[in-house]
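Trainee: The listed protein sequences correspond, in order, to chains L and P.
Count along the first sequence from 1, add 50, and you get the number used in the working numbering.
Count along the second sequence from 1, add 50, and you get the number used in the working numbering.
Number of protein chains: 2
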Amino acid sequence: MTRTRMESCIRAFALSLAALQSLITWEAAVGAPLGQSDISDFLLNNGLEVVVIPDHRVPIVTHMVLYKAGSADEPPGNSGIAHFLEHLMFKGTKRHSAGTFDTQVAEIGGEENAFTWSDYTAYFQTVTPAALETMMEFEADRMRNLVLTDAVIAPERDVILEERRSRVEADPEELLEEETQATLYQNHPYGRPVIGWMHEMEGLNRADAVGFYDRYYAPNNAVLVVAGDVSAATVRKMAEETYGAVPRGSDLPPRIRPQEPEQNTKRTVVLTDSRVTVPSFEESWVAPSYRTAKPGDAEALDLLAEVLGGGMRSRAYQELVVKQGIASSAGAYFQGTSLDPSSFTIYGSSRGEGKIEAVKDAIDAEVRKIIRAGVSDVELTRAKSRLVRSMIFARDNPSTMAIVYGAAVATGGTVKDVQEWQERVRAVTTTQVQAVAEKYLNSDRSVTGYLLPRENTSSGD
Amino acid sequence: MTRTRMESCIRAFALSLAALQSLITWEAAVGAPLGQSDISDFLLNNGLEVVVIPDHRVPIVTHMVLYKAGSADEPPGNSGIAHFLEHLMFKGTKRHSAGTFDTQVAEIGGEENAFTWSDYTAYFQTVTPAALETMMEFEADRMRNLVLTDAVIAPERDVILEERRSRVEADPEELLEEETQATLYQNHPYGRPVIGWMHEMEGLNRADAVGFYDRYYAPNNAVLVVAGDVSAATVRKMAEETYGAVPRGSDLPPRIRPQEPEQNTKRTVVLTDSRVTVPSFEESWVAPSYRTAKPGDAEALDLLAEVLGGGMRSRAYQELVVKQGIASSAGAYFQGTSLDPSSFTIYGSSRGEGKIEAVKDAIDAEVRKIIRAGVSDVELTRAKSRLVRSMIFARDNPSTMAIVYGAAVATGGTVKDVQEWQERVRAVTTTQVQAVAEKYLNSDRSVTGYLLPRENTSSGD
């Protein structure tokens, strides 16, 4: 199962979508004390927040700008405009014709990408430190000076429509994921696909793009993160000379979206398709995010996901895949990095001719076991260690660190929150893990998506 | 099962909610040629549309104003504001203190009520013809002169919160209906409850109410319907003297709401509650409304609902309740009177110890039978006759006629559409009925709500 609420436009030298999605769990990517005190966080006069994460082991630097505007900020009926604008940001500005920025990055052997998420949109390049100021010049330029003409709108709209056709319409798993999300969120815009609904994407026009750009793309609604072989002093000087010249935008109101009502029902969403070969399911609950949770609850949910279904040592994997042999996959994850309450998910797929209901029943039984009897000290300690170890890998990659800190700040967190995360995780008790399982994983309130092969050619149920 | 997307505030002498809901199916309420040519439809200079339906058999008259603004027009995050404003319309104006209008209606032995629907909000009184002009004076007065102070807002908000608690939170059937609607509509605001989500109702304030009132309550966004013992000339003269003095409001943009994407999944919504005694289900599909359907499709859907599940002579009732004896109720209905695509629904409840799945399977089988083999000429003819007969009753009641014409005009239809409806229904062929069943009742795209008793005290699944 995938986490679809991100749209990444794979371009030359780009990271894969899967890699980006794994990066997004910043909770698993930070925390080793080493070097954390070096991180700087300051504001330019025009309101741009700058985070610098020095790492001098390799002579590269990741330069990333995140705008605090994603698909959940789109006007109703205009779904897809955040992602469409992400595409349009690669068109020309008053100063640079379309493609110049791309060419520049390619010529110096850099990598670049951009992606759109429910809560933010990010643009980044990984280059040699010598090229950093050039990146800043280009990025600061397109922050306000993008030229959006009808001549660029229509062909690029064809591109995003084709992207949706090939990535979503042609993939039953993605189609199911969209409708599962739309069912899970009864009121919150997280229920809308990041790429947009096809019929609304078809209607996106120049005015929509300009409206979104003018409203949200400004230094006081952005975060600049620079990670890698550079000092804070250098970044500050360069940022002041480039981004510092961009005028502050209008003040934006607080980011208040329609929130979820109390949910009272258990729901299923079934997609039966002849292209499916292995039956699978994904069961989700609305759960608080790091920003909205009571202290400790989000950390406990991360550890619960790790104990229950984080990789091959987890309860779900060991019980369903290894011991019972009924599943080819089984796991759990928690999406904690979001502005508003998000989701906790368990998933699995059948092995051989086995029924998917048996797989779901078995993992549900593991959930109930934790609710009833909790987790052991030993497995909690191991889960904490696994999270910490996974972050050691993450810290080797400046791009990962940039997205970790950038995503946290763009969803209402602070640099300090990220720095103290490891400490807060270590403080979680077995009682807290059991408590969040009981509180949030109520089997009468979940939404389960089933992806099933079509057994025969009839369209009956 | 009920149709919940309407909120009616029962006051003195009011019609019951159930009665109002049955009235809403105007397709079933008109069509007898008798007297239809007498209906007048004209505009005042300020844009108010006036429909007069003379009926001199009884010396009463129904006076109704509908505003083209309902819950589907609410700003996201402000659910319930249309219905809250409906309550607030009974507070004072610059000219009349709170309660004066109510008292006046009561003193002359009249009836009055108001209700909020997804697409409109309606206010009406049934009085003697001598009191008509007084009703117009009061109604025209509160169209623009309502006084909304914080002193009236807070107590009335407590009233709507209590209304939600007693009508929705205390009723598992209503809770299920809300979440079934929220699941059926993945993008359209018809997925929001008319009364509003509790957490959003709690936040409704004076500014929200004033904003909605100022935007939508104006003669050029309203329809006045007068039905009963009065002539068009008299109504025109009185309307010009009363409503004619209300200044035109700003022009409103077209009523374009976020539309449904193509749906690809089969969904279920389950509410298990110890207060439930008889298991029941309700299966719905998104279906076009009279305003959005291709010519003939909405009429065919109305007839399909009649053949399949319109009362005791329908296939579902005869097969499930009478013949098989497995259901205590079974039926179908089509909600055709709406601005945007709405829904077609089948429903049923168990009898004795029978499984609800068996009831659903049996009515699904009836649907498949129609898709496969169509309906007979005889049953289609009988269904047409039943619709026509039901309208004979409807025409005896001026209130019914007012809501029939008012609802049609407030959802984008015309007086002529209503007048010609019977003729269009008579023209529907068996082939068309089979075609709409096949086109819209795809079992891979439905949403089924199950209301189940809790078997024991465990909270497991």
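Ideal Cβ positions, reconstructed from N, Cα and C, are used throughout, including at glycine.
In this text, all values refer to a predicted model and were calculated from it rather than measured experimentally.
For chain L, check one thing: does any of its Cβ atoms lie closer than 7 Å to the Cβ of alanine 289/P?
Mentor: no
Trainee: Buried or exposed for asparagine 195/P, please, with buried defined as at least 16 other CB atoms from any protein chain shown within 10 angstroms of its CB.
Mentor: Answer is exposed; the Cβ neighbour count stays below 16.
Trainee: Tryptophan 335/P bridges to which residues according to DSSP?
Mentor: Phe394/P
Trainee: Can you grab the Cα-Cα spacing for the pair glutamate 77/P / methionine 441/P, in whole Å?
Mentor: At glutamate 77/P the pLDDT is 45, less than 50, meaning the model places this residue with poor confidence; the figure from the coordinates comes in the next sentence. Spanning the two alpha carbons is a distance of roughly 8 Å.
Trainee: Determine, for proline 109/P, whether the minimum Cβ-Cβ distance to residues of chain L falls below 7 Å.
Mentor: no
Trainee: Would you give the residue range spanned by the beta strand (DSSP E) that lysine 316/L belongs to?
Mentor: 316–323
Trainee: In terms of alpha-carbon separation, which member of Ile110/P, Gly278/P, Ala272/P lies closest to alanine 119/P?
Mentor: Ala272/P
Trainee: Would you say arginine 317/P faces chain L, with C-beta separation under 7 Å as the test?
Mentor: yes
Trainee: In this structure, does DSSP put leucine 491/L in helix, strand or coil?
Mentor: coil
Trainee: Measure the Cβ-Cβ separation of alanine 355/L and tyrosine 397/L and say whether it is below 7 Å.
Mentor: Contact annotation: alanine 355/L and tyrosine 397/L have beta-carbon atoms that are not nearer than 7 Å.
Trainee: Quick one: is proline 297/L buried, meaning 16 or more other Cβ sit within 10 Å of its Cβ, or exposed?
Mentor: exposed
Trainee: Confirm, please, whether the CB-CB distance from serine 364/L to leucine 358/L is below 7 Å.
Mentor: It is a contact, given that the beta carbons lie within the stated cut-off.
Trainee: Check tyrosine 500/P in the structure and name its three-state DSSP category.
Mentor: strand
Trainee: Roughly how many angstroms separate the alpha carbons of arginine 192/P and serine 493/P, rounded to a whole number?
Mentor: 48 Å
Trainee: Tell me the DSSP secondary structure of tyrosine 117/P in three-state form.
Mentor: strand
Trainee: I want to see whether chain L comes within less than 7 Å of tryptophan 335/P, judged by CB atoms only; does it?
Mentor: Not closer than 7 Å to any Cβ of chain L, the Cβ of tryptophan 335/P fails to qualify, so no.
Trainee: Whether or not the stretch 487–506 of chain P and the stretch 402–422 of chain P are in contact is what I'm after, with contact meaning three or more pairs of Cβ atoms, one per stretch, closer than 8 Å; do they touch?
Mentor: yes
Trainee: Suppose the cutoff is 6 Å on Cβ atoms and the five residues either side in sequence are ignored; what does the same chain contact list for phenylalanine 262/P look like?
Mentor: Ile131, Leu135
Trainee: Tell me which residues share the same chain as valine 108/P and place their Cβ nearer than 7 Å to its Cβ, disregarding the 5 neighbours each side in the sequence.
Mentor: Asp279
Trainee: State whether the stretch 313–323 of chain L contacts the stretch 279–294 of chain L, with contact taken as three or more CB pairs (one from each stretch) at a distance under 8 Å.
Mentor: no
Trainee: By Cβ distance, which residues of its chain are closer than 6 Å to asparagine 270/P, with the 5 residues on each side in sequence left out?
Mentor: Excluding five sequence positions before and after asparagine 270/P, the CB atoms of its chain that fall closer than 6 Å to its own CB belong to Gly97, Arg298, Gly299, given in chain order.
Trainee: Along chain P, in chain order, which residues have C-beta atoms closer than 9 Å to that of leucine 225/L?
Mentor: Asn314, Thr315
Trainee: Against chain L, with Cβ distances strictly below 7 Å, would leucine 321/P count as a contact?
Mentor: yes
Trainee: At 8 Å on the CB atoms, spell out the chain L contacts of glutamine 236/P, in chain order.
Mentor: Neighbours of glutamine 236/P on chain L, chain order: Glu229, Ala232, Thr233, Gly241.
Trainee: For leucine 116/P, count the other beta carbons within 10 Å of its own beta carbon; 16 or more makes it buried, fewer makes it exposed. Which is it?
Mentor: buried
Trainee: Using a Cβ-Cβ cut-off of 8 Å (strictly less than) and excluding sequence neighbours within five positions of arginine 432/P, which residues of its own chain qualify?
Mentor: Within the same chain, Cβ atoms closer than 8 Å to the Cβ of arginine 432/P are found at Arg363, the five residues on either side in sequence being excluded.
Trainee: Please state the DSSP three-state secondary structure of aspartate 221/P.
Mentor: coil
Trainee: Since methionine 248/P meets chain L, which of its residues come closer than 9 Å, beta carbon to beta carbon?
Mentor: Pro311, Glu312
Trainee: Does glycine 127/L get closer than 7 Å to chain P when you measure Cβ to Cβ?
Mentor: Yes - at least one Cβ of chain P is within 7 Å of the one on glycine 127/L.
Trainee: Using only alpha-carbon positions, find the residue among Gly127/L, Pro104/L, Ser449/L, Val209/L that is nearest to leucine 138/L.
Mentor: Val209/L
Trainee: Give me the subset of the stretch 350–367 of chain L whose CB atoms are less than 7 Å from a CB atom of chain P, sorted by chain position.
Mentor: The stretch 350–367 of chain L vs chain P, Cβ under 7 Å: nothing.
Trainee: Could one say the Cβ of proline 269/P lies closer than 7 Å to chain L's Cβ atoms, at least one of them?
Mentor: no
Trainee: Which full runs of the beta strand (DSSP E) of 3+ residues lie inside the stretch 155–189 of chain P, going along the chain?
Mentor: With a minimum length of 3 residues, the continuous beta strand (DSSP E) runs that stay inside the stretch 155–189 of chain P are 161–167, 171–177.
Trainee: Below 7 Å between beta carbons: does that hold for leucine 302/P and arginine 341/P?
Mentor: no
Trainee: Output yes if chain L places a C-beta closer than 7 Å to the C-beta of leucine 502/P; else output no.
Mentor: no
Trainee: Between proline 179/P and chain C, is the shortest Cβ-Cβ distance under 7 Å, so that the two count as touching?
Mentor: Reference to chain C is not applicable here, since the protein chains of this structure are L and P.
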